[in-house]
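The structure appears right after this line, and notes come after that.
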Amino acid sequence: MTTQIPLVDYLVLGDKPHLVANECTSCGARFFDRRNACAGCGGRDFIKAAVQTEGEVRAFTIVSFAAPGIPVPFVAAVVDCEGTSVRANLVNVTPDPEHVTLGMKVRLATYPMGTDEAGTEAVGFGFEPLP
Amino acid sequence: MSSDDLWILGIHMTKFGKHPDKDIVDLASEAALGALEDGGVTMRQMGILAAGNLLGGNHVGQMVQKQIGQTGIPVYNVANACATGATALRVACMAVKAGETDMALAVGVEKLSGAGLLAGGSRKSESPNWTPEGRYGAVAPIDGRIGTETMPGVFAQVGMEYGHRYGGTSFELFARIAEKNHAHSTLNPMAAYQKRFTLEEIMNDVMISYPNTRPMCSANCDGAAAAVVVSGAKLATLPLEQRRRAVKIAASVLTTDPWEEGCQVIPNVNTLTRNAATQAYEAAGIGPGDLDLVELHDCFATAELVHYDNLMLCETGGAVDFFESGASWRDGGTPVNVSGGLESKGHPIAATGIANIWEIATHLRGEAGDRQIEGARVGLAHVIGLGSACGVHILERSAA
Ligand SMILES: [Zn+2]
């Protein structure tokens, strides 16, 4: 079986792929990056918290003009996953304002990004419309 | 004038646009010398210099001194993204307020003509092997894979988020905000562009990041602006003609973004602006209804909408109605961006936060020519630098 590696370390692969946040044990603030301390309260202790895999689109843009090498158009969005904001692309949807709407319900989806020289497959994520 | 007041004694802005024959030192020197001349003072009277430039080096202050006067005074080179100019002015204000000097010079300059898309593509190369790097342990560049880092895309989402929260926004509504600012610019000879666009032209132009088309984005250009800040006590000793043209800095505020849920996922440009505005109105002892004109940070048409609300020019959630009422056109109740704004006047990044002060000051002095807002007494200038920093200054006409 091919070895897989997630695009980012906060994407957990396996049977039920999901995102995981660093959650401050004092104030509950959630972060996706490596932490030095909590920006909300200054706390130093964090636990890993699973983020809901379904949410709604709080904001989006359809990017037609990007840095070299980035395929366009694509939909960049902020998804509200039951109170935790997540940045992601919307995938498996036609990138135009007729098909992408504010408030639309979406769920986490993963996709293969390609295999490197060592045979490891990278896996990315996005959010797709709920059927 | 109270002796601990702060005043703009002299201020100058270069024409914004393409200056192929001038470098940042030429432009900054032109602005600085212009501000000194406007204030009737010289470099020898300045106690400090605060200078900002983002793309051309990190000691522009000393480079300017070497052209216009190496007087040995302290230089503070500052950087705060698009709020860099406002930050330089704020440093000048703080130095005077602290009593370190009674006169200070602030300058901001940028050469940006021909620059393309700003930000985005922060990690250039794909590795032959998937290797986690950086604070997200990413095995590949994330710009374009996990949302967008581009400014048009980030600020598009800022406007769309407002629409999601309060309703009433549309592609056309945002385009009409750009239509207003481009129309305003036709009266401003200092603007980089003075072309009036029809709504159809704006909506049918090149789409950059929906709903922002090209004329809905700030215009990259060259330019500089500078201001001389003086204490009220010093101003009181100067001749009547200088006192009459001096403009009072009724509030000078700088804020950053306080932590809120989601603010590290998409920049929250709202709360820090609202905080800055609240502090500024309190310091000036006025309310938004007292403003005769506003220059706010319309880096994109989608951004202007949310700042109507953040600066409390309208009721909370009422930005769409505010715009629809015509209030922000130059003949409306609260004219916004009568200069043409960043979309048309242009946005030489580090100059912007002083150039918008120049615009307000010029109206308060009654020297704005064809675009003069008649009888303007009080105005507000706002900038946002992503990251984030927000500068708000409230200016009042001299009673002298
Ligand atoms: Zn905390």
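From first to last, the protein sequence lines are chains L and G.
When we follow numbering that gives the first Met the number 0, the leftmost residue of the first sequence carries the number 0, and every step to the right adds one.
When we follow numbering that gives the first Met the number 0, the leftmost residue of the second sequence carries the number 0, and every step to the right adds one.
For each residue, glycine too, the CB sits at the ideal point set by N, CA and C.
These numbers were taken from a predicted model, which means no experiment stands behind them.
Minimum C-alpha distance to G:G9 - residue among G:G55, G:G113, G:M311 and G:R243: Your numbering for residue 9 of chain G matches position 10 in the second sequence. When each option's Cα is compared against that of G:G9, the closest is G:R243.
Within-7 Å CB hit, G:G167 to chain L: Stepping through the second sequence from its first residue, residue 167 of chain G is reached at position 168. Taking Cβ atoms only, chain L never reaches closer than 7 Å to G:G167, which makes this a no.
Test item: CB-CB of L:A108 and G:T147 under 7 Å: Locating residue 108 of chain L in the first sequence gives position 109, where the first residue counts as 1. Locating residue 147 of chain G in the second sequence gives position 148, where the first residue counts as 1. Not a contact, by the Cβ cut-off of 7 Å.
Cβ-heavy atom distance, L:S25 to ligand 1, below 6 Å: On the first sequence, residue 25 of chain L is found 26 positions in, with the first residue counted as 1. At least one heavy atom of ligand 1 is nearer than 6 Å to the Cβ of L:S25, so yes.
Close beta carbons around G:K123, own chain, < 7 Å, minus the five adjacent residues each side: Position 124 of the second sequence, counted from the first residue, corresponds to residue 123 of chain G. At G:K123, the pLDDT of 48 sits below 50, so the modelled position is not reliable; the number obtained from the coordinates is stated separately. If we look at G:K123 and ignore the five residues flanking it on each side, it has no Cβ neighbours.
Residues of its chain near G:L417, where Cβ-Cβ distance is below 6 Å and the 5 sequence neighbours each way are ignored: Since the displayed chain G opens at 0 and closes at 399, residue 417 of chain G lies outside it and no answer follows.
Segment limits, alpha helix (DSSP H) that includes G:G162: As a first step, residue 162 of chain G must be located in the second sequence, where it is residue number 163. Unbroken alpha helix (DSSP H) run through G:G162: M150 to Y165.
Chain-ordered chain L contacts of G:I265 [CB-CB under 8 Å]: Taking the second sequence and counting its residues from 1, one reaches residue 265 of chain G at position 266. Chain L residues near G:I265: A58, V77, S84 and R86.
Euclidean distance between Cα positions of G:P214 and G:E342: Start at 1 with the first residue of the second sequence, and residue 214 of chain G comes out as number 215. Start at 1 with the first residue of the second sequence, and residue 342 of chain G comes out as number 343. Using only the alpha carbons, I get a separation of about 7 Å.
G:V138 vs G:P131 beta-carbon contact at 7 Å: Mapped onto the second sequence, residue 138 of chain G falls at position 139. Mapped onto the second sequence, residue 131 of chain G falls at position 132. Cβ atoms of G:V138 and G:P131: closer than 7 Å.
Range covered by the alpha helix (DSSP H) that runs through G:Y280: Position 281 of the second sequence, counted from the first residue, corresponds to residue 280 of chain G. Looking at the DSSP string, the run of the alpha helix (DSSP H) that includes G:Y280 is T270 to A283.
G:Y135, DSSP secondary structure in three states: Residue numbering aside, residue 135 of chain G sits at position 136 when the second sequence is read from its first letter. In the structure shown, the three-state DSSP call for G:Y135 is coil.
Short CB-CB distance (under 7 Å) between G:E160 and chain L: By one-based count along the second sequence, residue 160 of chain G stands at place 161. It does; some Cβ of chain L falls within 7 Å.
Presumed contact (8 Å Cβ cut-off) between G:G378 and G:I353, rounded CB distance: In the second sequence, counting from the first residue as 1, residue 378 of chain G sits at position 379. In the second sequence, counting from the first residue as 1, residue 353 of chain G sits at position 354. That pair is no contact at about 14 Å.
Local Cβ density within 10 Å of L:D95, reported as buried at 16 or more and exposed below that: Your numbering for residue 95 of chain L matches position 96 in the first sequence. By the 10 Å Cβ count, L:D95 comes out exposed.
C-alpha gap between G:L186 and G:S324, whole angstroms: Here residue 186 of chain G corresponds to residue number 187 of the second sequence, with the count starting at 1. Here residue 324 of chain G corresponds to residue number 325 of the second sequence, with the count starting at 1. Between the C-alpha atoms of G:L186 and G:S324 there is a straight-line separation of about 22 Å.
Distance CB(G:H306)-CB(G:L290) smaller than 7 Å: If you number the second sequence from 1, residue 306 of chain G lands on position 307. If you number the second sequence from 1, residue 290 of chain G lands on position 291. Not in contact: G:H306 and G:L290 (Cβ atoms no closer than 7 Å).
Listed by chain order, chain L residues near G:V138 by CB distance under 7 Å: Here residue 138 of chain G refers to the residue found at position 139 when the second sequence is read from its first residue. Within chain L, the residues near G:V138 are I4, L6 and A121.
G:A82 beta carbon less than 7 Å from that of G:A388: For the purposes of this step, residue 388 of chain G is taken as the residue at position 389 of the second sequence. For the purposes of this step, residue 82 of chain G is taken as the residue at position 83 of the second sequence. The answer is yes: Cβ separation under 7 Å.
Contact set between L:F73 and chain G, taken where Cβ atoms lie within less than 7 Å: Within the first sequence, the letter at position 74 stands for residue 73 of chain L. Against L:F73, the close residues of chain G are G143, in the order they occur along the chain (beta-carbon pairs closer than 7 Å).
Bridge-paired residues (DSSP) for L:V92: Position 93 of the first sequence, counting from 1, holds the residue named residue 92 of chain L. Bridge partners of L:V92 according to DSSP: none are assigned.
Meets three-Cβ-pair contact criterion under 8 Å: the region 154-172 of chain G and the region 201-214 of chain G: Yes, they touch.
Cβ of L:R106 within 7 Å of any chain G Cβ: One-based indexing of the first sequence puts residue 106 of chain L at position 107. Not an interface residue.
Alpha helix (DSSP H) segment containing G:F300, residue limits: For the purposes of this step, residue 300 of chain G is taken as residue 301 along the second sequence, with counting starting at 1. For the sequence presented, residue 300 of chain G should be read as Ala rather than Phe. DSSP places G:A300 inside the alpha helix (DSSP H), whose first and last residues are A300 to N309.
Element boundaries [beta strand (DSSP E), containing G:A34]: Mapped onto the second sequence, residue 34 of chain G falls at position 35. G:A34 -> not in any beta strand (DSSP E); alpha helix (DSSP H) instead, spanning I23 to G38.
7 Å Cβ cutoff, L:G39 in contact with chain G: Taking the first sequence and counting its residues from 1, the one referred to as residue 39 of chain L is at position 40. Using beta-carbon distances, L:G39 counts as an interface residue toward chain G, with a partner under 7 Å.
Distance between G:S1 and G:L234 (C-alpha atoms, nearest Å): One-based indexing of the second sequence puts residue 234 of chain G at position 235. One-based indexing of the second sequence puts residue 1 of chain G at position 2. Approximately 10 Å, taken between the alpha carbons.
Range of the contiguous beta strand (DSSP E) that encloses G:K247: Residue mapping note: residue 247 of chain G aligns to position 248 of the second sequence, counting from 1. Counted as a single uninterrupted DSSP element, the beta strand (DSSP E) harbouring G:K247 occupies residues V246 to T255.
Within the region 189-252 of chain G, ranges of the alpha helix (DSSP H) (whole runs, at least 4 residues): DSSP assignment within the region 189-252 of chain G yields the following whole alpha helix (DSSP H) runs of 4 residues or more, N-terminal first: 198-203, 231-234 and 239-244.
Residues sharing a beta bridge with G:M12, DSSP: For this step, residue 12 of chain G is matched to residue 13 along the second sequence. DSSP, once it has assigned bridges, lists G:A224 as partnering G:M12.
Exposure label - G:K194; buried when at least 16 CB within 10 Å: Working through the second sequence from its first residue, we reach residue 194 of chain G at position 195. G:K194 is exposed by the Cβ-count criterion.
Neighbour flag for L:E97 against chain G, beta carbons, 7 Å: As a working mapping, residue 97 of chain L is identified with position 98 in the first sequence. Contact with chain G is absent for L:E97, since none of that chain's Cβ atoms lies less than 7 Å from the residue's Cβ.
Contact test: L:G42 Cβ vs ligand 1 heavy atom, cutoff 6 Å: As a working mapping, residue 42 of chain L is identified with position 43 in the first sequence. Yes - ligand 1 has a heavy atom lying nearer than 6 Å to the Cβ of L:G42.
Touching by the beta-carbon criterion (3+ pairs, under 8 Å), the region 108-119 of chain L and the region 329-347 of chain G: No, the region 108-119 of chain L does not touch the region 329-347 of chain G.
Proximity below 7 Å, CB of G:L26 to CB of G:T13: Residue numbering aside, residue 26 of chain G sits at position 27 when the second sequence is read from its first letter. Residue numbering aside, residue 13 of chain G sits at position 14 when the second sequence is read from its first letter. Taking 7 Å as the cut-off, the beta carbon of G:L26 is found closer than this to the beta carbon of G:T13.
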